[in-house]
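Take the sequence shown: its position 136, counting from 1, is numbered 136 in the UniProt record's numbering, and each next residue is one higher.
In this text, a Cβ means the ideal position worked out from N, Cα and C, and glycines have one as well.
Take a look at the structure below.
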Amino acid sequence: MCNSKFLTIHYQYRIIEQPNIRVVKLQQAIRKELGVHVGKSTVRRARAKILLEIIGDHIKEFGRILDYRDEVLRTNPGSTCVVKVSTTEFTKDGRPYVLGFYICFDTLRKSFLAGCRRCIGLDGYFLKGCSKEHLQIIVSKNGNNQMLSISWDVVEYENKTKWTWFMKLLIEDLHLGDDTGYTVISDMQKGLSATIKDLLLEVEQRQCAKHILANWSKE
Numbered sequence: 001m002c003n004s005k006f007l008t009i010h011y012q013y014r015i016i017e018q019p020n021i022r023v024v025k026l027q028q029a030i031r032k033e034l035g036v037h038v039g040k041s042t043v044r045r046a047r048a049k050i051l052l053e054i055i056g057d058h059i060k061e062f063g064r065i066l067d068y069r070d071e072v073l074r075t076n077p078g079s080t081c082v083v084k085v086s087t088t089e090f091t092k093d094g095r096p097y098v099l100g101f102y103i104c105f106d107t108l109r110k111s112f113l114a115g116c117r118r119c120i121g122l123d124g125y126f127l128k129g130c131s132k133e134h135l136q137i138i139v140s141k142n143g144n145n146q147m148l149s150i151s152w153d154v155v156e157y158e159n160k161t162k163w164t165w166f167m168k169l170l171i172e173d174l175h176l177g178d179d180t181g182y183t184v185i186s187d188m189q190k191g192l193s194a195t196i197k198d199l200l201l202e203v204e205q206r207q208c209a210k211h212i213l214a215n216w217s218k219e
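This is the structure in structure tokens:
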């Protein structure tokens, strides 16, 4: 019998790989592969069960983000972990909405300050899955020419205000100043270039065009 329990077992990996797959698309795949018609409610229940088990209840997890911050700071002395919350918007149970989450582990910071080139790269990525936030990250290269992630944050979306919040925390963590002799590399992230010009007046700023070269090479 092709019920939600059956679908949970046999379509688990497909739903994990495509958490945003539409119910109609999943119905069509089941009809094509199994030759049976399954109702939307059955497919929807199976998908919801799989996502809840694998991804978890993200709303409940976000409700404990301050506990997570405290645990990070307790187990990683010297690290920076900041949670930015709204002062005007609250959930039904009175908790403030989370606007940003920043982290810089002390071990990574010390590694960068001790042995990395004075060149840092900034980039951003839109997350997929049940949370559609924006990941902002800074990386460098160590003496062995290996990539080193230094710090990162997750914010609602990308704009100058979000990059400014990230960069101010970053400047404090890495002891960056106007005359530190650093070079900052990035692509055309929204609001990032203006933020760097405002906060790091004397650093060299370069645009990364490797992805453009890769596209040209394909052609």
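Unbroken beta strand (DSSP E) run spanning residue i, endpoints
i, result
"Gln136", "134 to 141"
"Ser151", "147 to 155"
"Phe101", "96 to 104"
"Thr195", "Premise fails: Thr195 lies in the alpha helix (DSSP H), 192 to 199, not in any beta strand (DSSP E)."
"Asp123", "119 to 126"
"Val184", "183 to 186"
Residue i to residue j span [Cα, whole Å]
i, j, result
"Leu7", "Glu71", "38 Å"
"Glu158", "Val203", "22 Å"
"Ile54", "Gly181", "46 Å"
"Arg45", "Leu34", "18 Å"
"Tyr68", "Tyr97", "16 Å"
"Arg64", "Ile120", "32 Å"
"Val82", "Tyr13", "34 Å"
"Lys141", "Val184", "13 Å"
"Gln189", "Cys104", "21 Å"
"Leu66", "Thr87", "15 Å"
"Gly143", "Asp106", "19 Å"
N-terminal and C-terminal residue of the alpha helix (DSSP H) that residue i is part of
i, result
"Thr8", "4 to 10"
"Asp173", "160 to 174"
Burial state of residue i (16 or more Cβ within 10 Å)
i, result
"Gly100", "buried"
"Ser131", "exposed"
"Gly78", "exposed"
"Leu192", "buried"
"Tyr125", "exposed"
"Glu133", "buried"
"Ser186", "buried"
"Ile138", "buried"
"Ile59", "exposed"
"Ser4", "buried"
"Phe136", "The question names Phe, but residue 136 in the sequence shown is Gln. Under this definition Gln136 is a buried residue."
"Ile15", "buried"
Along the chain, which unbroken stretches of the alpha helix (DSSP H) at least 4 residues long are found entirely within the region 21 to 81? Taken in chain order, the complete alpha helix (DSSP H) segments of 4 residues or longer contained in the region 21 to 81 are 23 to 34, 40 to 54, 58 to 62, 65 to 75.
Examine the Cβ distances between the region 114 to 127 and the region 144 to 164 and report whether three or more of them are shorter than 8 Å. yes
With a threshold of 8 Å, are at least 3 pairs of Cβ atoms found where one atom belongs to the region 37 to 44 and the other to the region 22 to 29? Here the region 37 to 44 lies against the region 22 to 29, with 3 or more beta-carbon pairs under 8 Å apart.
Counting pairs of Cβ atoms below 8 Å between the region 189 to 198 and the region 158 to 167, do you hit three or more? yes
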